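If you're matching positions, the sequence shown starts at 355 in the working numbering and goes up one per residue.
Heads up: the structure comes next, in structure tokens.
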Amino acid sequence: MTRLEIVENPIQQIPALGLEIELVTLDAGFYSVDVINYLSRFNFIIGVAMEKVGIHGNFDGDYTAKSNAKKATFRLIIHHGREKEYLAKGTNLDVNRSIIVKWYNKVRTPIETSYKLIKSFLIFTSSRSWLFRLFIFLLAMLIYTLYLLLKGTTSKEDFRLLLTILLLQDNITILQEYLVKLFYSLFNSLELFSG
355 MTRLEIVENP IQQIPALGLE IELVTLDAGF YSVDVINYLS RFNFIIGVAM
405 EKVGIHGNFD GDYTAKSNAK KATFRLIIHH GREKEYLAKG TNLDVNRSII
455 VKWYNKVRTP IETSYKLIKS FLIFTSSRSW LFRLFIFLLA MLIYTLYLLL
505 KGTTSKEDFR LLLTILLLQD NITILQEYLV KLFYSLFNSL ELFSG
């Protein structure tokens, strides 16, 4: 699939669910002329790869991207990130640049944080067995889900102790029953959010 198709598919499904699009926010992996031209009918903020724009200082103004005889004109904002690097955002919003950066970060930061958390639960393996890799993935997903369910009420130390107790059960059938119940709650949660 092209970047444009990846963006178009979910956006076309949203009105069918009876929902309205207020703001589309994408990271720099989706920066392309086709995607920006498609997004121009919505309010959007998209990360822009700095090496593609050739501007390496504070900037807020119109910018035209060109690719294969196509072009897209949008507002480009270049600002300092947390470290001393410059970051760029493309948008069609006519609001203060600090608000655009704030809105973008409000959407992207939890996503990046959840990716890091999920990766921390994955077990490294070099096994080529798809069955074993699937088992490792499901186990990591279960542990992460358990963590999400308990993180507000349990400290990290108590959570680790709980995992140790679960994984060192003398009677493996108790652990098996627990995992089956956890799978059911996970799938029920997924059904709840998928509509």
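We treat Cβ as the ideally placed atom computed from N, Cα and C, and that holds for glycine.
The structure displayed is predicted, hence computed values, not measured ones.
- Put simply, of THR463, GLY408, PHE513 the residue whose alpha carbon is nearest the alpha carbon of LEU500 is PHE513.
- The three-state reading of DSSP puts SER394 in coil, since its state is none of H, G, I, E or B.
- ASN391 and LEU358 have their C-alpha atoms some 10 Å from each other.
- ILE399 and TYR458 have their C-alpha atoms roughly 7 Å apart.
- Counting along the chain, the unbroken beta strand (DSSP E) around TYR440 starts and ends at 440 to 445.
- Scanning GLU374, ASN446, LYS424 for the CA closest to the CA of VAL387 turns up LYS424.
- For VAL449, the number of other beta carbons within 10 angstroms of its own is below 16, and it is reported as exposed.
- DSSP lists ILE400 as the beta-bridge partner residues of LEU380.
- By the Cβ criterion, the region 399 to 412 is in contact with the region 433 to 449, since at least three pairs of Cβ atoms, one from each stretch, lie closer than 8 Å.
- TYR417 places its beta carbon 8 Å or farther from that of GLY401.
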